[in-house]
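Under this note's numbering, the very last position in the sequence shown is 444; numbers go up by exactly one each time.
Report on one structure; see the data block that follows.
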Amino acid sequence: MKNMETKAMTLMKAMMLICVAMVLGLTPAQAQDGFSPKAYVNARVISQYEYKQRVLFMTLLRQPGDIASVALSTLIDDSLRRQAAKALDVTVTPDQVKAGMAEFAARTTLPLDEFLKALAGAGVEAETLRDFVEAGLLWRGVIRAKFVSDTDPNAPKVTDAEIDRAIGDGVASGGELRFLLSEIVLPTGGAVNAMALAQRLRQTAKTPQTFSMAAKNYSKSGSAAAGGVLGWIPLSALPPEIAPRIRALKVGEMTDPISVQGAVQLFLLRDISLSGGDVIGAPEVEYAQFFAPAGTDLVAVRASLDTCDDLYDAAKFLPVEALQRATVPESSLPPALRGVMAGLDTGESAVVSGTLVMLCARVPQSAIPPSRDDVGTNLLNQKLGLMASAYMTELKSNANIKIQ
């Protein structure tokens with residue numbers, strides 16, 4: 041009897057593989073191989089089938105860079121997004137997913153049904169788009185649940201003082217101290233003891249040259265390739281827990297290791313200056329930020345760009361928040377961007393801390409200041425974007441990821 045049950049189970053498995061093969065146009069052996077693991081993310085398996093579907097999906101929509109690498113990286117990110125959502129009991133409804141799919145299809149100027157037909161014609165299943173969109177929606181919910189709260193004192197908020205600094209509050213502002221900084225960012229939770237390594241680098245990387253080499257070798261921030269250089273940062277833009285430590289430094293000195301969420305940081309003060317005052321109606325900039333997933337060939341992306349509109353093609357496969365575009369007073373730009381933007385012409389781009397930024401246009405100064413609500417929303421979105429990126433880095437650092 042037991043032998044008959046075993047044979048029946050074997051027959052059922054074989055029939056399932058044959059059905060899969062018929063649907064996908066594969067042999068049963070190929071079908072079985074398609075569902076073999078491509079990668080493990082904690083307890084979750086990413087199958088060869090999911091991987092091949094994501095590669096097809098990205099190829100169809102002309103994703104720039106190394107598609108094979110980016111496809112696997114985005115699948116790993118999506119798996120971590122789903123696991124984070126499950127841990128926080130974040131869910132999305134089928135209607136929300138369908139609306140998200142329609143929104144994604146609209147980026148290609150096609151209605152959803154026609155877009156799905158185009159995908160099917162290239163061998164991409166509707167489920168591939170559905171899974172991708174669902175992961176992005178879940179991640180938005182995770183960020184809201186984790187970081188947006190009216191009662192949590194640690195939740196990101198935009199103060200009146202920050203808005204005043206961004207728009208000048210209708211009057212000229214005086215000069216402000218600004219600091220030329222370099223950084224080393226060491227994620228916690230990995231095989232290496234981040235604090236111990238930071239303490240060692242604190243003793244050995246005491247010059248700009250040795251600090252730069254250490255940043256390239258050890259730092260995991262987007263500035264690592266540039267030797268950790270951040271550019272000029274106004275005092276008002278420094279986080280409250282970091283500003284006093286920077287002000288206490290002399291040029292050429294380094295902070296003690298600073299523990300932040302998911303990482304340990306070191307800063308080297310390279311120079312200090314006094315900036316000129318900003319005034320209301322100062323020139324505005326229209327700019328775009330492309331938060332590319334790990335593995336994206338940003339050199340190839342930059343080479344494909346003529347205008348900011350071209351970034352919509354590069355971001356087709358990513359959640360909506362991966363591409364942000366705004367027109368703001370130049371004085372309200374994040375500190376790491378302000379100095380970079382000053383050196384860009386319209387249509388030029390740069391990479392800052394792993395994010396591709398592009399200057400879309402310089403807008404003549406306006407006699408009407410931006411509304412406080414608009415400026416506050418923009419500042420909050422910037423904070424949430426940085427926190428979401430840092431949280432994903434933390435999840436990856438703590439995850440058990442194995443690639444077959």
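Every residue, glycine too, gets a C-beta built ideally from N, C-alpha and C.
For clarity, every value in this text was computed on a predicted model and none was experimentally measured.
Asked: Boundaries of the beta strand (DSSP E) in which G271 is found, first to last residue; Found: V269 to P274
Asked: Three-way DSSP call (helix, strand, coil) for A439 in this model; Found: coil
Asked: Proximity winner among V232, P284 and V269, relative to L275 (alpha-carbon distances); Found: P284
Asked: Nearest to Y352 (by Cα), restricted to the options R102, K260, A430 and A390; Found: R102
Asked: Extent of the continuous beta strand (DSSP E) to which R365 belongs; Found: L363 to P369
Asked: Distance CB(A428)-CB(W272) smaller than 9 Å; Found: no
Asked: Test item: CB-CB of L115 and K78 under 9 Å; Found: yes
Asked: Option nearest R122 by Cα separation, candidates Q444, L435, L150 and E223; Found: L435
Asked: For V319, three-class secondary structure by DSSP; Found: Note that V319 scores 38 on pLDDT, short of 50, meaning its location in the model is unreliable and no value can be drawn from it.
Asked: Cβ pair count under 8 Å reaching 3, the region 255-267 against the region 281-296; Found: no
Asked: As assigned by DSSP and simplified to three states, the class of E174; Found: helix
Asked: Given 8 Å, three or more beta-carbon pairs between the region 377-397 and the region 148-156; Found: no
Asked: T347, DSSP secondary structure in three states; Found: coil
Asked: Beta-carbon proximity list for L345, same chain, < 7 Å, skipping 5 on both sides; Found: L351, S389 and M398
Asked: CA-to-CA distance, Y89 to L64, given in whole angstroms; Found: Residue placement at L64 is flagged as unreliable, the pLDDT there being 39, under the threshold of 50; the coordinate-derived value follows with that caveat. Going by the C-alpha atoms only, they are around 10 Å apart.
Asked: Backbone secondary structure at D311 - three-state DSSP; Found: strand
Asked: Three-state secondary structure assigned by DSSP to S113; Found: helix
Asked: Under 9 Å between C-beta atoms of A145 and Y431; Found: no
Asked: Own chain residues within Cβ distance below 6 Å of I443, not counting five before or after; Found: A79
Asked: Alpha-carbon to alpha-carbon, M381 and R365; Found: 14 Å
Asked: Exposure label - A111; buried when at least 16 CB within 10 Å; Found: buried
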